[in-house]
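Under my numbering, the sequence shown has 94 at position 76, and the numbering climbs by one with no breaks. Every residue gets a Cβ at the ideal spot worked out from N, C-alpha and C, and that includes glycine. First the structure, in the form of structure tokens, and then the observations on it.
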Amino acid sequence: MKVSFNLSQVKQRGWIDYLSEEDRAFLKRFLLSSGTLKELAAQYGISYPTVRLRLDRLIDKVRVVDSSRDMRHFETVLRSLYADGRVDAEAFRALLEAHQEEERDAARSA
């Protein structure tokens with residue numbers, strides 16, 4: 019399967035474009051509850067610490083994406099998935115190293 023993208027379009031994407039629908043729904047509920055985690059926990063039917071963890075992961079994801087303006091799209095998405103807990107540390111490191119090696123090989127070939 020070939021995946022392609024236009025680099026100029028990637029540069030124009032904002033941090034919110036990297037959030038999943040689930041992230042956006044959580045963020046919307048967070049805003050509508052005036053940032054009250056206790057109320058948000060009640061809405062989701064989960065504990066306060068679980069909501070706090072979800073919010074912390076979302077904050078990490080936004081930080082990663084926002085600070086990755088000079089990164090390639092793949093690396094930004096990979097870091098975002100890691101911040102969201104969807105990729106474990108071992109897989110993250112292996113994928114990032116493989117990507118960086120591929121980038122170096124491409125630069126040497128150019």
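Look at the alpha carbon of residue i and the alpha carbon of residue j, and state the distance between them as a whole number of angstroms.
| i | j | result |
| --- | --- | --- |
| Asp-84 | Gly-32 | 8 angstroms |
| Glu-121 | Ala-107 | 21 angstroms |
| Phe-110 | Arg-126 | 24 angstroms |
| Ile-64 | Lys-56 | 10 angstroms |
| Ala-112 | Arg-70 | 29 angstroms |
| Val-105 | Glu-119 | 19 angstroms |
In three-state DSSP terms, what is residue i?
| i | result |
| --- | --- |
| Asp-35 | helix |
| Ser-65 | coil |
| Asp-84 | helix |
Buried or exposed: where does residue i fall if 16 or more other Cβ atoms within 10 Å of its Cβ makes it buried?
| i | result |
| --- | --- |
| Lys-46 | exposed |
| Gln-35 | Contrary to the premise, residue 35 reads as Asp rather than Gln in this sequence. Exposed: under 16 other Cβ atoms inside 10 Å. |
| Leu-50 | exposed |
| Leu-58 | buried |
| Tyr-66 | exposed |
| Lys-79 | buried |
For residue i versus residue j, is the C-beta spacing smaller than 9 angstroms?
| i | j | result |
| --- | --- | --- |
| Arg-81 | Met-89 | no |
Which residue from the options puts its Cα closest to that of residue i?
| i | options | result |
| --- | --- | --- |
| Ala-43 | Lys-56, Leu-76 and Thr-68 | Leu-76 |
| Glu-40 | Ala-116, Asp-123, Arg-72 and Ile-64 | Arg-72 |
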